[in-house]
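A.B. asks:
2 protein chains.
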Amino acid sequence: MRPTIRDVAKKLNLSITTVSRALDGYDDVAEPTREMVVKAARQMGYSPNRAARQLRRQKAETIGFILPAGAQRFAEAFFTEFIAGLGHESALHNYDLLVSAADDGKSERSLYERWANGGKVDGLVLNRLRIRDWRIKFLADQRIPFTSLSHTGSVNFPCIRIDGAEGYIELIDHVCRSGFRRFAFVGGPANLVNHVERLGWFRQAMRHHKIVLDEEMIVSGDLSSSSGYQAAIELLSLPDPPDAVMCVNDETAFGVLHAAHNRGLEIGRQIAVAGFEGVQDAKHSEPPLTTLDIPVFDIARQLVDMLLKTINGEKVESPVFVRPNLLRRPSTGG
Amino acid sequence: MRPTIRDVAKKLNLSITTVSRALDGYDDVAEPTREMVVKAARQMGYSPNRAARQLRRQKAETIGFILPAGAQRFAEAFFTEFIAGLGHESALHNYDLLVSAADDGKSERSLYERWANGGKVDGLVLNRLRIRDWRIKFLADQRIPFTSLSHTGSVNFPCIRIDGAEGYIELIDHVCRSGFRRFAFVGGPANLVNHVERLGWFRQAMRHHKIVLDEEMIVSGDLSSSSGYQAAIELLSLPDPPDAVMCVNDETAFGVLHAAHNRGLEIGRQIAVAGFEGVQDAKHSEPPLTTLDIPVFDIARQLVDMLLKTINGEKVESPVFVRPNLLRRPSTGG
DNA sequence: CTGTTAGCGCCTTCAG
DNA sequence: CTGAAGGCGCTAACAG
Numbered sequence: 001m002r003p004t005i006r007d008v009a010k011k012l013n014l015s016i017t018t019v020s021r022a023l024d025g026y027d028d029v030a031e032p033t034r035e036m037v038v039k040a041a042r043q044m045g046y047s048p049n050r051a052a053r054q055l056r057r058q059k060a061e062t063i064g065f066i067l068p069a070g071a072q073r074f075a076e077a078f079f080t081e082f083i084a085g086l087g088h089e090s091a092l093h094n095y096d097l098l099v100s101a102a103d104d105g106k107s108e109r110s111l112y113e114r115w116a117n118g119g120k121v122d123g124l125v126l127n128r129l130r131i132r133d134w135r136i137k138f139l140a141d142q143r144i145p146f147t148s149l150s151h152t153g154s155v156n157f158p159c160i161r162i163d164g165a166e167g168y169i170e171l172i173d174h175v176c177r178s179g180f181r182r183f184a185f186v187g188g189p190a191n192l193v194n195h196v197e198r199l200g201w202f203r204q205a206m207r208h209h210k211i212v213l214d215e216e217m218i219v220s221g222d223l224s225s226s227s228g229y230q231a232a233i234e235l236l237s238l239p240d241p242p243d244a245v246m247c248v249n250d251e252t253a254f255g256v257l258h259a260a261h262n263r264g265l266e267i268g269r270q271i272a273v274a275g276f277e278g279v280q281d282a283k284h285s286e287p288p289l290t291t292l293d294i295p296v297f298d299i300a301r302q303l304v305d306m307l308l309k310t311i312n313g314e315k316v317e318s319p320v321f322v323r324p325n326l327l328r329r330p331s332t333g334g
Numbered sequence: 001m002r003p004t005i006r007d008v009a010k011k012l013n014l015s016i017t018t019v020s021r022a023l024d025g026y027d028d029v030a031e032p033t034r035e036m037v038v039k040a041a042r043q044m045g046y047s048p049n050r051a052a053r054q055l056r057r058q059k060a061e062t063i064g065f066i067l068p069a070g071a072q073r074f075a076e077a078f079f080t081e082f083i084a085g086l087g088h089e090s091a092l093h094n095y096d097l098l099v100s101a102a103d104d105g106k107s108e109r110s111l112y113e114r115w116a117n118g119g120k121v122d123g124l125v126l127n128r129l130r131i132r133d134w135r136i137k138f139l140a141d142q143r144i145p146f147t148s149l150s151h152t153g154s155v156n157f158p159c160i161r162i163d164g165a166e167g168y169i170e171l172i173d174h175v176c177r178s179g180f181r182r183f184a185f186v187g188g189p190a191n192l193v194n195h196v197e198r199l200g201w202f203r204q205a206m207r208h209h210k211i212v213l214d215e216e217m218i219v220s221g222d223l224s225s226s227s228g229y230q231a232a233i234e235l236l237s238l239p240d241p242p243d244a245v246m247c248v249n250d251e252t253a254f255g256v257l258h259a260a261h262n263r264g265l266e267i268g269r270q271i272a273v274a275g276f277e278g279v280q281d282a283k284h285s286e287p288p289l290t291t292l293d294i295p296v297f298d299i300a301r302q303l304v305d306m307l308l309k310t311i312n313g314e315k316v317e318s319p320v321f322v323r324p325n326l327l328r329r330p331s332t333g334g
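Protein chains in written order, with this note's numbering: chain W, 1 to 334; chain U, 1 to 334.
In structure tokens form, the structure reads like this:
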């Protein structure tokens, strides 16, 4: 059996209280006593039982993240970076990170319910918000703190929002200067906030630059490279195909690049392609992909910080806006 | 406050014992009573407090996974798929998955210690094993059950091992038939079991096909696409450069493709490139990447199954061997 | 500065 | 079939 606080106390002829306080860094313990305790604890390999502590303190010291439903979409570097950020930051604060993966909408819902009701997590980080996302109402009703990358609805909660309006203006400007004119947009699922926002910024930027947008040029995928490929094949088969394809994310853009290659198009000259998110591999695609880069790792860390503050009842400034950074690469010429 | 078992009992004028048993599916509860309890519990939104249950049962009903140290490596789709698999399968068994991310060797170690000693997890899944990995000895000493993708050392533990010997023979054969002769290998860190194994199979396959291997052609990276790019630039600058570059993973191969493009080489004709792992994007690189595919999601699920069996004291057949599947794509011609 | 005491919510003997 | 009692390991009053 693993040693308990009692074992440590017994060994030192101290009360368990003293041991507990010494280890937790209270200042009402004599310095020599503390040192003794700390040393003995380490030597015995003692470390407090999480369940007991949680039960007593009435908090889990754990935050949760649930990979959104849609198994095929998981093969995205985005989530690795995001989870790494969450794990990194929570570890720093001595919090644990609980992760699960949902199959479908139903299992997703039951996961959230189990976590919320079981007191398993003190708070949650959300991601890939949908328009009218039930999770927001659910968590708000249950009074479970949560933060989220992006925002939707009228409920107010701490979040980080991307502000891509300027980024898109810059991007479209850059693409135009390279001589491209006929724009298309390959989006994601229509109910995804990411999709709606990014498409919105794109439209705005088009208006800003006074470029006419053909609605036929707006198509949807599911954020995967395969869906990007599929969408691009269709776009390029149109009688008047686009020569500048903006994508909702980098994965989609990879698929578009592939389709353009298959068509024998010279990317960067005959057609421009751009992504969004700035995953590592975008640097090494053929040609390297122009993208609106967002610092996923840091965003995840900051979401944890905001969440922990919320949990501890501190005020949090929100929303925090992050502006993507345009990385000009050969896929858009220039 | 969230309802406790006591609230449910009070409402129904039953003892908490009965409620507990009714919900846990014991068979010594009258059927009408059970139904009443289940209904009331659902209606009140009751679900047992995890911490209390864990404390009482002396098990965490939680398994752990720690993203290995090396932040830049996290931007890999591999881990998203792996974690999704772990999360998926543990949720199926009503287990939780705890995830953390290590900065460096030191923080990695302290994470494992905290988890092991704190009784936070009933077991762990390992990954990216190193030669003489301290984690194995540590966990074995502490009697913490664990499973791992790949194996090293003399300690026996349940694991899934890749058997790539045949896969590499097939791959080399395929590449040779396409007319390539001068092989190179871009590996990972020298102490990584993945690296050692894959390089080993590669060497074996070369011997099998009686192809002379120039030691200068074996170089190392850190599994990232950037390191693959770097390595390839150097290889291709040699007086007698390779025309077939085999890579320890797909990310590395993406970097190699990029470098080859920069050199103006026609990939699939003038040079062959292959990866390992079969991440989604390999299908859409330019040209699509030949790779030895392994079912990462399923492997992760199976590792969880094996781990849970081990935790429950069941015997587990191990090692389980998985043979990669050669996906022939244009990056190797043919 | 240190010890005593009283639970946190649940499960599990052991009695009825 | 159901209930009463005890305690998992820890922390936070409250005394000394």
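Heads up, the beta-carbon is just placed ideally off N, CA and C, and yes, glycines get one too.
Predicted, not measured: the structure shown is a model, and the values here were computed from it.
Taking any Cβ of chain W, which residues in the stretch 264–291 of chain U have a Cβ under 8 Å from it, in chain order?
C.D. replies: VAL279, GLN280, ASP281, LYS283, HIS284, SER285, GLU286, PRO287 and PRO288
A.B. asks: Give the C-beta separation of U/GLY268 and U/SER331 to the nearest angstrom, bearing in mind that I take them to be a contact with Cβ-Cβ under 8 Å.
C.D. replies: Reading the second sequence from its first residue, position 268 is the one you call residue 268 of chain U. Reading the second sequence from its first residue, position 331 is the one you call residue 331 of chain U. About 6 Å separates the two Cβ atoms, so the contact holds.
A.B. asks: With DSSP as the reference, label W/THR4 as helix, strand or coil.
C.D. replies: For this step, residue 4 of chain W is matched to residue 4 along the first sequence. Three-state result, W/THR4: coil.
A.B. asks: DSSP three-state label for U/ASP28, please.
C.D. replies: Position 28 of the second sequence, counted from the first residue, corresponds to residue 28 of chain U. If DSSP states are grouped into helix, strand and coil, U/ASP28 belongs with coil.
A.B. asks: Could you give the first and the last residue of the continuous beta strand (DSSP E) run that contains W/ASP250?
C.D. replies: By 1-based counting over the first sequence, the position of residue 250 of chain W is 250. That residue, W/ASP250, is in no beta strand (DSSP E); its alpha helix (DSSP H) goes 250–262.
A.B. asks: Which residues in chain W have a C-beta closer than 7 Å to the C-beta of U/GLN54? List them in chain order.
C.D. replies: Translated into the one-based positions of the second sequence, residue 54 of chain U becomes position 54. By Cβ distance, chain W contributes ALA51.
A.B. asks: Could you tell me which whole beta strand (DSSP E) segments of length 3 or greater appear in the stretch 56–106 of chain U?
C.D. replies: DSSP runs (the beta strand (DSSP E)) wholly in the stretch 56–106 of chain U: 62–67 and 96–101.
A.B. asks: Alpha carbon to alpha carbon, how far is U/ALA71 from U/ALA101?
C.D. replies: Taking the second sequence and counting its residues from 1, the one referred to as residue 71 of chain U is at position 71. Taking the second sequence and counting its residues from 1, the one referred to as residue 101 of chain U is at position 101. Below a pLDDT of 50, predicted positions are generally treated as unreliable, and U/ALA71, at 49, falls in that range; no measurement from the model is reported.
A.B. asks: So W/ASN356 packs on W/VAL248, CB below 8 Å; how close in whole Å?
C.D. replies: Absent from the structure is residue 356 of chain W, since the part of chain W shown begins at 1 and ends at 334.
A.B. asks: When the Cβ atoms of the stretch 277–291 of chain U are set against those of the stretch 132–145 of chain U, are three or more pairs found closer than 8 Å?
C.D. replies: no
A.B. asks: Of all the options U/LEU12, U/ARG328, U/ARG2 and U/LEU303, which has the alpha carbon lying nearest to the alpha carbon of U/SER178?
C.D. replies: As a position in the second sequence, residue 178 of chain U is number 178, starting the count at 1. Measuring from the Cα of U/SER178, the nearest candidate turns out to be U/ARG328.
A.B. asks: Could you tell me which residues DSSP pairs with U/ARG161 in its beta bridges?
C.D. replies: Position 161 of the second sequence, counted from the first residue, corresponds to residue 161 of chain U. Paired residues: U/PHE321.
A.B. asks: To the nearest angstrom, how far is the alpha carbon of U/ASP96 from that of W/ASP240?
C.D. replies: Start at 1 with the first residue of the second sequence, and residue 96 of chain U comes out as number 96. Start at 1 with the first residue of the first sequence, and residue 240 of chain W comes out as number 240. So the two alpha carbons sit approximately 52 Å from each other.
A.B. asks: Measure the C-alpha to C-alpha separation of U/ARG181 and U/ILE271 and round it to an integer number of angstroms.
C.D. replies: By 1-based counting over the second sequence, the position of residue 181 of chain U is 181. By 1-based counting over the second sequence, the position of residue 271 of chain U is 271. The alpha-carbon atoms of U/ARG181 and U/ILE271 are separated by roughly 10 Å.
A.B. asks: Given a limit of 8 Å on CB to CB distance, which residues of the stretch 1–25 of chain U reach chain W?
C.D. replies: ARG2
A.B. asks: What's the gap between the Cα of U/HIS88 and the Cα of W/LEU67?
C.D. replies: One-based indexing of the second sequence puts residue 88 of chain U at position 88. One-based indexing of the first sequence puts residue 67 of chain W at position 67. If you take the alpha carbons of U/HIS88 and W/LEU67, they lie about 9 Å apart.
A.B. asks: For the alpha helix (DSSP H) containing W/SER178, list its first residue and its last residue.
C.D. replies: Position 178 of the first sequence, counting from 1, holds the residue named residue 178 of chain W. It is not in any alpha helix (DSSP H) - W/SER178 carries neither H nor E in the DSSP assignment.
A.B. asks: Count the other CB atoms within 10 Å of the CB of W/TYR168; is the residue buried (16 or more) or exposed (fewer)?
C.D. replies: Taking the first sequence and counting its residues from 1, the one referred to as residue 168 of chain W is at position 168. When all chains shown are included, W/TYR168 counts as buried.
A.B. asks: Please list, in chain order, the residues of the stretch 26–43 of chain W that have any C-beta partner in chain U closer than 9 Å.
C.D. replies: none
A.B. asks: Would you call the stretch 115–124 of chain U and the stretch 105–123 of chain W in contact, with 3 or more CB pairs under 8 Å?
C.D. replies: no
A.B. asks: Is the distance from the Cβ of W/VAL279 to the Cβ of W/ALA77 below 7 Å?
C.D. replies: Counting from 1 along the first sequence, the entry for residue 279 of chain W is found at position 279. Counting from 1 along the first sequence, the entry for residue 77 of chain W is found at position 77. Yes, they are a contact pair.
A.B. asks: Three or more C-beta pairs closer than 8 Å, one from the stretch 297–306 of chain W and one from the stretch 32–44 of chain U: is that the case here?
C.D. replies: no
A.B. asks: Is it right to say W/ALA30 is buried, meaning 16 or more other beta carbons lie within 10 angstroms of its own, or is it exposed?
C.D. replies: Stepping through the first sequence from its first residue, residue 30 of chain W is reached at position 30. Result: exposed.
A.B. asks: Strictly under 7 Å for the Cβ-Cβ distance: is U/ASN117 near chain W by that measure?
C.D. replies: As a working note, residue 117 of chain U is residue 117 in the second sequence. Output row for U/ASN117: interface = yes.
A.B. asks: U/GLY123 lies in the beta strand (DSSP E); which residues open and close that run?
C.D. replies: Your numbering for residue 123 of chain U matches position 123 in the second sequence. Where U/GLY123 is concerned, the enclosing beta strand (DSSP E) stretches over 123–126.
A.B. asks: If I'm right that U/ALA259 touches U/VAL186 with Cβ under 8 Å, what's the distance once you round it to whole angstroms?
C.D. replies: Numbered from its first residue, the second sequence carries residue 259 of chain U at position 259. Numbered from its first residue, the second sequence carries residue 186 of chain U at position 186. In fact, because the Cβ distance is near 10 Å, the residues do not count as touching under 8 Å.
A.B. asks: Quick one: list the residues of chain U neighbouring W/SER318, beta-carbon separation under 9 Å, in chain order.
C.D. replies: As a position in the first sequence, residue 318 of chain W is number 318, starting the count at 1. The premise fails here: W/SER318 is roughly 24 Å from chain U at the closest Cβ pair, so nothing lies under 9 Å.
A.B. asks: Roughly how many whole angstroms lie between the Cα atoms of U/THR17 and U/ARG57?
C.D. replies: Counting from 1 along the second sequence, the entry for residue 17 of chain U is found at position 17. Counting from 1 along the second sequence, the entry for residue 57 of chain U is found at position 57. Between U/THR17 and U/ARG57, the C-alpha separation is close to 15 Å.
A.B. asks: Rounded to whole angstroms, what's the CA-CA distance from W/THR4 to W/PHE146? Just pull it up for me.
C.D. replies: Within the first sequence, residue 4 of chain W is the residue found at index 4, counting from 1. Within the first sequence, residue 146 of chain W is the residue found at index 146, counting from 1. For W/THR4 and W/PHE146, the distance between alpha carbons rounds to 33 Å.
A.B. asks: Could you pull out every unbroken beta strand (DSSP E) segment of at least 3 residues lying fully inside the stretch 274–319 of chain U, listed in chain order?
C.D. replies: 290–293
A.B. asks: Give me the subset of the stretch 167–183 of chain U whose CB atoms are less than 8 Å from a CB atom of chain W, sorted by chain position.
C.D. replies: Answer in chain order: no residues at all.
A.B. asks: What beta strand (DSSP E) runs, 3 residues minimum, are completely inside the stretch 181–209 of chain U?
C.D. replies: 183–187
A.B. asks: Count the other CB atoms within 10 Å of the CB of W/ARG50; is the residue buried (16 or more) or exposed (fewer)?
C.D. replies: What you label residue 50 of chain W is simply residue 50 of the first sequence in a count that begins at 1. Buried: at least 16 other Cβ atoms inside 10 Å.
A.B. asks: Are the beta-carbon atoms of U/LEU98 and U/ALA300 separated by less than 7 Å?
C.D. replies: Taking the first residue of the second sequence as 1, we reach residue 98 of chain U at position 98. Taking the first residue of the second sequence as 1, we reach residue 300 of chain U at position 300. Contact flag unset, no.
A.B. asks: Could you tell me which chain W residues have their CB closer than 9 Å to the CB of U/LEU257, listed as they occur along the chain?
C.D. replies: Within the second sequence, the letter at position 257 stands for residue 257 of chain U. In chain order: HIS284, SER285 and GLU286.
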